[in-house]
Structure formats: structure tokens, C-alpha cells
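The opening residue of the sequence shown carries number 1462 in my numbering; numbering runs sequentially from there. First up is the structure itself, then whatever we jot down about it.
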Amino acid sequence: MNSIRLICAGFVLYSSVMTNIFAEPVPESERLPIDIRRTTLLVRDIDKSLPLYRDALGLRVVYDQKIGGVTDKDGKVTPPTVRLVLLRANDTFIGALGLMQRLNVAAIAHTENKKPQAGGMIMVINAKDLEERFPKISKVPGVTVATAPERIEYPAADGGVIPVLFSAIYDPDGFFIEINKILGAAAGTEAARK
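So, in C-alpha cells, the structure goes:
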């Protein structure tokens, strides 16, 4: 468990700071001509993923469609090739989560959860109600708890600490998800300067 925490420490610190500092859009003069819209996870069975992301985490489904089917020149209709579900938390344009299931390919069985490595990903979610929400998250079929909520501290830029209630799970497809709650003020925020 310590190695998982060490691997994730930088991600938690960065996301904690960025979430607290940059929760508002940047001034127009500083905007870039690019936005990160969403991350899409390729899953084996969307109906097994939704109990975690929609029901336990509370993300809202904003799109759920089967897409990719076509009609060929002879009028033969081919069935859709993917199902795509888009979920959101608090923003409608950025930070969305996509779940995509290929409908025309047999899914490879998930065998074991592995700690994140190069080429993999770590999703970090901040939950203000982590203590209340985590029991429901941990009971979702297919979810494996890597670390139950525990208080940890990260060094702040000003020499202080950033206290975080840290938890980590593997979702039903083996994706590593951190679900954290920031307990204090992150470095660089107005609250941290007081």
C-alpha cells in the first residue's frame, strides 16, 4: 500500500492544488486555444460500471447512445459498434467522464488489479462527502478497495502541509481511481495565506 501512496502522492498534491486554485475559469487574456473536455474509459460492460460512477459517486448521465451503425449501399443495416455514456460532475463543458463499450468485440476478461504504471492512468476525484459516500462505493460489485479513507499530509509550497483524506479503489475494469477529500487549504489559495 505504501508504494501505491508514493506513486499517487504527486498526482494527489497536484490535483488538490489545481482544484482549489483553478476552480474558476482563467481570465480571458490567459486562456489557451485548447480545453481538455473529457477522459473516456474503455470498459467491458457499461451496465457494471454505472453503479459506481452514476449511483455511488453521483455523477450525472448526460448522454447514453449506441453509435456507429451504418446502412450500406444495398440497404443492409449494420448494428451499432459502441455504446457511449457521458457523465458529469459540476461542469458541462470540461471534466466529463466517458464510458465506452465496444459492442462488436468480445471483451477480454479482467484478471487482476495492478498498480498504475507508465502507459496507465490514475483518475483523481475530489469528494466533499467522502466519509459518507465511501461505504456505498466500497460495496459496488466489482470494486476493490486499495486504500480505505485515511488522513495523509503532503508538503505545501509555503512549507506547511496540505491535509487530505486519501482513498483509492480499482473500478470493475481495473482502473485505479483516487477519491479524496481536501481537509485544509491547498497552497496558493487565499485561505492558505490567512
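C-beta: ideal position from N, C-alpha, C; glycine also. Keep in mind it's a predicted model, so treat the numbers as computed, not measured.
Which one of the options has the shortest CA to CA distance from residue i?
i     : options                       : result
D1506 : P1624, L1493, V1566 and P1610 : V1566
T1608 : F1637, R1563, L1545 and Y1615 : F1637
L1502 : G1581, V1606 and R1612        : G1581
V1585 : R1563, P1494 and A1629        : A1629
I1640 : T1605, V1622, D1619 and A1617 : T1605
G1603 : G1519, T1500 and D1508        : D1508
D1496 : D1552, D1516 and L1626        : D1552
M1561 : D1634, V1487, D1533 and K1534 : D1634
G1519 : V1625, V1601, T1500 and L1626 : V1601
N1587 : K1534, L1644, R1544 and I1569 : L1644
Y1631 : E1489, I1583 and A1646        : I1583
A1550 : A1517, T1542 and I1569        : A1517
R1544 : P1616, I1528 and K1589        : I1528
D1619 : A1646, I1598 and K1642        : A1646
V1568 : V1504, G1621 and E1489        : Contrary to the premise, residue 1568 reads as Ala rather than Val in this sequence. Comparing Cα positions, the closest option is V1504.
F1627 : R1498, A1617 and K1589        : K1589
Give the secondary structure of residue i by DSSP, where H, G and I count as helix, E and B as strand, and everything else as coil.
i     : result
F1627 : strand
I1598 : helix
D1496 : coil
L1511 : helix
E1573 : coil
L1591 : helix
D1516 : helix
A1470 : Only weak support is given to the placement of A1470: the predicted model assigns it a pLDDT of 40, under 50, and the value that follows is read from those uncertain coordinates. It is helical.
K1534 : coil
I1482 : Low confidence applies to I1482: its pLDDT is 37, below 50, so where it sits in the model is not reliable, and the reading given next is rough at best. Three-state DSSP puts I1482 in a helix.
Less than 8 Å between the CB atoms is what I'm expecting for residue i and residue j, so what's the real figure, rounded?
i     : j     : result
T1539 : V1531 : 5 Å
E1611 : I1623 : In fact, because the Cβ distance is near 15 Å, the residues do not count as touching under 8 Å.
L1548 : Y1514 : 6 Å
L1511 : P1541 : At roughly 18 Å, the Cβ-Cβ gap does not stay under 8 Å, so L1511 and P1541 are not in contact.
Comparing the CB of residue i with every heavy atom of the ligand ATP, is any distance shorter than 7 Å?
i     : result
L1511 : No copy of the ligand ATP appears in this structure; indeed no ligand is present at all.
For chain C, find out if any of its Cβ atoms is closer than 8 Å to the Cβ of residue i; answer yes or no.
i     : result
R1594 : This model lacks chain C altogether; it includes just one protein chain.
*Does the stretch 1567-1580 come within contact of the stretch 1588-1598, defined as at least 3 CB pairs closer than 8 Å?*
no
*So does the stretch 1545-1564 actually touch the stretch 1521-1531, counting three or more Cβ pairs closer than 8 Å?*
yes
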